[in-house]
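2 protein chains.
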Amino acid sequence: MTFCAEPVPGLNPVILTTIERVLTRVNALSQGGPGWTRPSYSPLESAAHAIIEEEALALGMEVRRDHGGNLIARLPGRDPELPPIWCGSHLDTVAEGGAYDGQAGVAAALALVTALRSTGVTPAADFVIVVTRAEESVWFPVSYIGSRAATGQLLAADLEARRVDTGRRLADHMREEGGDPEALMAATPPAPARFLEFHIEQGPMLDSTAEPFGIVTAIRGGLRYRAARLHGVWAHSGGAPRDGRADAVVAFADLVLAMDRIWEDFLAKGADLTVTFGRVSAASPAHAMAKVAGELDFCLDLRSEDVSVLDAADAALKAEIARIEGARPGIRFDLGQQSRSRPAQLSESMAEWVAGGAARLGLNPPRMLSGGGHDAAAFATAGWESVMVFIRNWNGSHCPDEGMNPADLALAVEAVCTALSGNAGP
Amino acid sequence: MTFCAEPVPGLNPVILTTIERVLTRVNALSQGGPGWTRPSYSPLESAAHAIIEEEALALGMEVRRDHGGNLIARLPGRDPELPPIWCGSHLDTVAEGGAYDGQAGVAAALALVTALRSTGVTPAADFVIVVTRAEESVWFPVSYIGSRAATGQLLAADLEARRVDTGRRLADHMREEGGDPEALMAATPPAPARFLEFHIEQGPMLDSTAEPFGIVTAIRGGLRYRAARLHGVWAHSGGAPRDGRADAVVAFADLVLAMDRIWEDFLAKGADLTVTFGRVSAASPAHAMAKVAGELDFCLDLRSEDVSVLDAADAALKAEIARIEGARPGIRFDLGQQSRSRPAQLSESMAEWVAGGAARLGLNPPRMLSGGGHDAAAFATAGWESVMVFIRNWNGSHCPDEGMNPADLALAVEAVCTALSGNAGP
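So the protein sequences, as listed, match chains A and B. Each residue of the first sequence is one higher than the one before, starting from 1 at the first, in the UniProt record's numbering. Each residue of the second sequence is one higher than the one before, starting from 1 at the first, in the UniProt record's numbering.
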């Protein structure tokens with residue numbers, strides 16, 4: 001499925017033009033391999049930020065960077081007393097990620113300002129483009145690093161986290177890419193204001209209901225075991241009888257299917273939950289075809305909009321582990337450190353404001369839940385009135401084939417532009 | 001459990017001394033990391049062969065190498081008309097393997113000759129120590145390379161196999177370590193004679209019944225998928241609902257538990273079978289905690305003494321795959337190339353001969369089956385009268401903790417030495 005995006009009649013053509021240019025420019029930067037790879041706090045991420053800086057300066061915006069290395073570009077509004085509207089997303093990617101996750105939200109923010117400039121409209125409140133750092137927690141085992149830095153929520157302990165590929169500290173990578181971790185810890189964050197993020201859905205709901213975009217009312221939180229290990233007993237594949245084995249692969253399979261059944265039960269009871277074992281390795285130099293595996297590494301990602309569901313799923317996990325360890329002598333699980341991100345309720349008044357702009361275009365976007373975590377969750381947790389606009393996408397997300405029609409994003413931007421032009425905001 | 005081996009009263013002390021010296025010398029050679037790593041057709045394997053050459057020359061044996069790079073050392077017997085007895089094993093290891101698999105059999109062969117020399121006994125038939133190459137099929141996806149080369153069974157196609165760590169051809173590695181692949185293909189193998197191999201059991205049977213050694217009557221064959229792949233659909237861990245997922249990890253877990261149940265059913269019906277998924281990887285750069293896995297690599301090792309059981313287990317595997325692909329849209333298995341090693345019946349007359357030597361020491365070693373494949377299988381397939389003597393071991397095998405008491409091996413060598421000294425052989 002490919003799209004050749006055409007300008008929609010009656011819509012401001014600079015929106016689509018800007019979106020396509022920004023996506024093309026940013027996506028020229030990648031580490032190589034399939035899809036796009038721009039690690040958090042890497043020179044590639046910084047180069048992507050530099051492109052947005054250039055674009056914002058060309059629009060006459062005031063550009064600065066905060067101590068966390070986030071890029072902040074301001075378009076002054078008519079009334080300096082109104083809380084500003086920040087709008088943006090991130091430009092880092094997972095390894096071998098897609099062309100839209102993060103990038104689309106930054107392109108949309110620039111397209112909004114371009115559209116305002118092209119029509120000569122000055123919005124009521126300051127409009128601030130924010131390009132955050134390090135949203136993808138696959139590089140550092142810490143959630144929402146850049147947006148938590150921007151809102152005064154990053155902890156000194158977080159700065160000690162190691163990047164998985166380099167083994168070096170977040171503080172060091174941040175400093176290398178223009179940040180100042182010491183100053184960040186001492187800084188006073190900006191007063192909570194308003195935050196808006198455009199993002200692909202990363203799920204099939206909008207695509208399956210033929211909706212170009214939707215408005216997000218809450219973001220799922222996560223409970224993760226990033227470095228869990230299962231210990232069994234190494235043995236010879238042909239010599240070890242079935243009865244005496246403690247096979248790490250079989251015990252892991254037992255856990256995976258048990259958690260899949262538990263997930264089904266939770267859904268049947270109406271609870272919101274996802275369960276994913278995204279990374280599994282029994283492929284060290286010690287593993288071989290002719291050996292019963294004595295060890296297996298895995299990670300587990302549980303997500304829900306409801307903290308109590310996460311806690312219940314975690315309890316069910318531990319009960320299954322106890323069952324498996326009891327039933328399979330020689331098997332022992334070590335879940336390692338648990339990390340969490342809190343579910344976030346978004347702003348109903350911001351959602352109404354976006355819906356108002358859409359209504360003026362004759363659109364009625366659905367309200368929906370975000371399965372993925374996003375910078376908007378960090379802003380909401382910091383007390384900002386926050387909203388997300390989801391764009392339909394397909395072929396999954398966090399993968400090279402991630403698909404989105406830029407015209408869908410342009411339509412969503414037009415809706416918000418209409419809302420911005422029409423009144424003082426939410 | 002550690003042993004400080006003591007000479008057994010009444011037994012020839014040079015047997016234990018030789019075993020311990022040879023094991024110590026050979027095990028000084030390893031690539032590093034836990035345990036012992038000497039890849040097939042590597043300079044480390046060649047260096048281990050050179051140690052045995054030196055030991056054999058010191059015993060006054062005639063030493064040569066065949067075109068496959070196997071080391072062959074001859075002690076002339078009294079009667080050149082009798083078929084010689086070849087005795088030996090291999091010195092390559094799996095990655096991070098143990099101290100005895102292969103090594104013990106070579107040490108035993110040298111200890112036998114040392115004992116004969118120390119007592120002035122010349123055996124009836126020629127006694128030939130053979131140190132084979134590349135017995136461990138984890139390096140090249142080919143079974144029994146050295147022993148098949150020694151017995152005229154290696155195929156030209158096998159020479160094209162690539163070593164998994166270097167990606168280079170068997171022919172090239174063979175040539176580098178002193179072999180001559182072209183001459184090997186043109187050579188006439190020696191006439192089938194008699195083959196004897198001492199080896200650790202690689203299973204718990206002897207240890208659990210407190211038997212120091214046993215006599216092997218058959219060797220299990222194998223049916224392997226060394227490079228199987230499972231294709232699913234990449235998706236976002238928080239965004240993809242349970243219903244639409246094609247999660248490669250969950251589908252793999254389904255297969256593993258299904259094959260474990262099938263194994264249980266086969267055993268209940270009295271069939272001989274082992275089922276092992278020894279290596280599993282959903283840990284490429286594309287895999288991440290926050291992604292549903294769209295791909296998973298694995299290998300599967302089925303073993304049985306009965307070819308028809310292997311065929312039935314393979315059919316059951318394919319039926320399970322069809323069931324899983326039907327039940328889980330988006331999931332597709334690609335088993336890749338199948339490789340096989342044939343089960344081998346060993347020689348009853350050779351077994352009787354070893355048992356006769358043991359009886360003269362007052363011992364009655366049990367008859368048993370070999371779960372692992374061994375060089376003896378290749379010799380038996382080539383029409384050699386072959387037998388194996390298994391030594392009790394513990395802590396599994398193909399792993400750094402692999403345990404064996406050198407005194408158990410010395411006792412088995414003494415039994416064979418008694419048989420050799422007593423008559424013309426089997």
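Note that beta-carbon positions come from the ideal geometry of N, C-alpha and C, so glycine has one too.
The C-alpha of Ser370 (chain A) lies about 16 Å from the C-alpha of Leu310 (chain A). The C-beta separation of Val138 (chain A) from Ala240 (chain B) comes to about 17 Å, leaving the pair out of contact by the 8 Å criterion.
Cβ-Cβ separation between Met174 (chain B) and Val113 (chain B): approximately 27 Å, too far for a contact (criterion under 8 Å). Contact between Asn70 (chain A) and Val22 (chain A) does not hold, since the beta-carbon distance rounds to 17 Å and is not under 8 Å. Taking CB atoms only, Asp265 (chain A) has no neighbour in chain B less than 8 Å away. Distances from the CA of Leu16 (chain B) to each of B:Gly98, B:Ala104, B:Ala50, B:Leu420 were compared; the closest alpha carbon is that of B:Ala104. Runs of the beta strand (DSSP E) lying entirely within the segment 303-387 of chain B and spanning at least 3 residues, in chain order: 332-334, 338-341, 367-370. Look at Leu257 (chain A): its C-beta is under 8 Å from a C-beta on chain B. Against Ser281 (chain A), the close residues of chain B are Val280, Ser281, Ala282, Ala283, in the order they occur along the chain (beta-carbon pairs closer than 8 Å). Trp139 (chain B) carries a coil assignment under DSSP once its states are collapsed to helix, strand and coil. The alpha-carbon separation between Ser347 (chain A) and Ile72 (chain A) amounts to approximately 22 Å.
Counting of Cβ neighbours within 10 angstroms places Asp79 (chain A) among the exposed residues, the total staying below 16.
The beta carbon of Leu420 (chain A) sits closer than 6 Å to those of Pro123, all from its chain and outside the five residues before and after it, given in chain order.
The beta carbon of Asn364 (chain B) is closer than 8 Å to those of Ala355, Ala358 in its chain, skipping five residues each way along the sequence. For Gly179 (chain A), the number of other beta carbons within 10 angstroms of its own is at least 16, and it is reported as buried. Residues of chain A whose Cβ lies closer than 8 Å to the Cβ of Glu45 (chain B) do not exist, since the nearest Cβ in that chain is about 17 Å away.
Look at Glu201 (chain A) here: in three-state DSSP terms it is coil, with no helix or strand label. For Ala95 (chain A), the residues of chain B that pass the 8 Å Cβ criterion are Pro285, Ala286, Ala288, in the order they occur in the chain. Counting along the chain, Cys87 (chain A) sits inside the beta strand (DSSP E) bounded by residues 85-90. In terms of beta-carbon proximity, Thr217 (chain B) stays away from the interface with chain A, with every pair separated by 8 Å or more. If you draw a 10 Å sphere on the C-beta of Asp265 (chain B), you find fewer than 16 other C-beta atoms in it, and that means exposed. A direct Cα-to-Cα measurement between Ser308 (chain B) and Ala412 (chain B) gives close to 34 Å. Listed in chain order, the beta strand (DSSP E) elements of length 3 or more contained wholly in the segment 172-237 of chain B are 194-200, 213-219, 221-231. With a threshold of 16 other beta carbon atoms within 10 Å, Gln337 (chain B) falls short and is exposed. Judged by beta-carbon spacing, Asn405 (chain A) lies beyond the 8 Å limit of Asp207 (chain A), meaning their Cβ atoms are not closer than that value. Selection A:Glu352, A:Met368, A:Pro343 evaluated against Ala377 (chain A) yields A:Pro343 as nearest (Cα-Cα).
If you check each beta-carbon in the segment 28-52 of chain A against every beta-carbon of chain B, the ones closer than 9 Å belong to Gly33, Pro34, Gly35, Thr37.
Straight-line measurement puts the Cα of Gly396 (chain B) at about 46 Å from the Cα of Gln202 (chain A). The DSSP assignment places complete alpha helix (DSSP H) segments of no fewer than 4 residues inside the segment 241-291 of chain A at 248-268, in order along the chain.
The segment 293-300 of chain A makes no contact with the segment 320-329 of chain A: fewer than 3 CB pairs, one atom from each, lie closer than 8 Å. Ala293 (chain B) places its beta carbon less than 8 Å from that of Gly278 (chain A). Leu59 (chain B) and Ala271 (chain B) have their C-alpha atoms spaced approximately 46 Å apart.
Going by beta carbons, Trp353 (chain A) and Ala193 (chain A) fall outside the 8 Å limit. Residues of chain A with a Cβ closer than 7 Å to the Cβ of Ser308 (chain B) do not exist; the shortest Cβ-Cβ separation is about 18 Å. Rounded to whole angstroms, the separation of the alpha carbons of Thr274 (chain B) and Leu255 (chain B) is 15 Å.
In this structure, Thr37 (chain A) keeps its C-beta atom at 8 Å or more from the C-beta atom of Ala107 (chain A).
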